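Trainee: First residue of the sequence shown: 593, per this note's numbering; consecutive thereafter.
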Amino acid sequence: MLARKNYIFLGFHAAVAIGLLSGCVVTSGTAGTGGTSGVTTAGGVTTGGGGEGQGGEVGVGGSTTVSTSGTGGSAGCVGETGNAVIADCEKLNIAPAAGASSSCGTKMDEAPPGYGLCKRGFDLFNDGANANLLACLATIGVQDECKTDPLQTCVDKMFKDECVIPSIATACDSIKTTCGADPFDAAKCATDLNPFSDKGLMEMSDCINMADPAATCQAAYEGCYTQVLTF
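Written as structure tokens, this is what we have:
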């Protein structure tokens, strides 16, 4: 069980380059290397398949859940550096500033989810991952501004294309060590957090440090992973 221990990520990731629609949740729940992904939309209708392991949480109300699978590391993978900035989100076809209408969501009064995903990405992911995500989101036309399938494709691509970041695995191993006898899946953690920046890791760290002491390490981690990917 957690005993109000301090699960600090940032000190183990110092080398990292800093670099959806109201009420939506993007859950990057790994299905394991080689798995497939699926999208759960409001009402709990799921499209796509699952891989090994467990995917994302079921969406409720007006939420949208995007699950991802696999990890990067192949030749030509995306590193941690990139030139994208949050202001670039305003240039997307699906951005209100570019003329996209706020007609998404259950009440058809919300901005396109991809626009919110783009902005939230700069809170969580490293510069290279954000540049990759933004480039993919830029291919979505305004006619598809409210669709979730293109977002699924972009999130999956970002995770798949990212190089394996050794310091992320080190951070996850440190959590496992701190958890002691309390089981913690460090391998899944390393895949889940692979594209995260220092800022994103610190948000995860702060959340875990505030977790219910009665919760297991794994439960605290999974709850926080969902929380930080909620916007």
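Ideal Cβ placement from N, Cα and C applies to all residues, glycine included. Bear in mind that the values here come from a model prediction, so they are computed numbers and not experimental data.
1) So, with DSSP's three-state summary, where would you put E682?
2) Kindly indicate which three-state DSSP category C771 falls into: helix, strand or coil?
3) Closest to S797 by C-alpha separation, out of A806, I767, D774, would be which residue?
4) Are the stretch 731-749 and the stretch 675-691 touching, with three or more C-beta to C-beta distances below 8 Å?
5) Between V820, K780, D790, P805, which has its C-alpha nearest D765's C-alpha?
6) Can you list, in chain order, the residues of its chain with a C-beta nearer than 7 Å to that of A687? Leave out the 5 residues immediately preceding and following it.
7) Do the CB positions of F823 and N718 come within less than 9 Å of each other?
8) Cα-Cα, which of G671, P705, T673 is closest to D741?
9) So, are the CB atoms of L716 and E795 less than 9 Å apart?
10) Using the Cα positions of G697 and V747, report the straight-line distance between them to the nearest angstrom.
11) Residues in the same chain with beta-carbon distance under 7 Å from D753, minus the five sequence neighbours each way, listed in chain order, please.
12) Among A721, A679, A703, which one has its Cα closest to the Cα of D790?
Mentor: Per the coordinate set shown:
1) helix
2) helix
3) Nearest C-alpha to S797: I767.
4) yes
5) K780
6) C681, Y707
7) no
8) P705
9) Yes, these two residues count as a Cβ contact at 9 Å.
10) 20 Å
11) G664, C669, V670, N724
12) The closest CA to that of D790, considering only A721, A679, A703, is found on A721.
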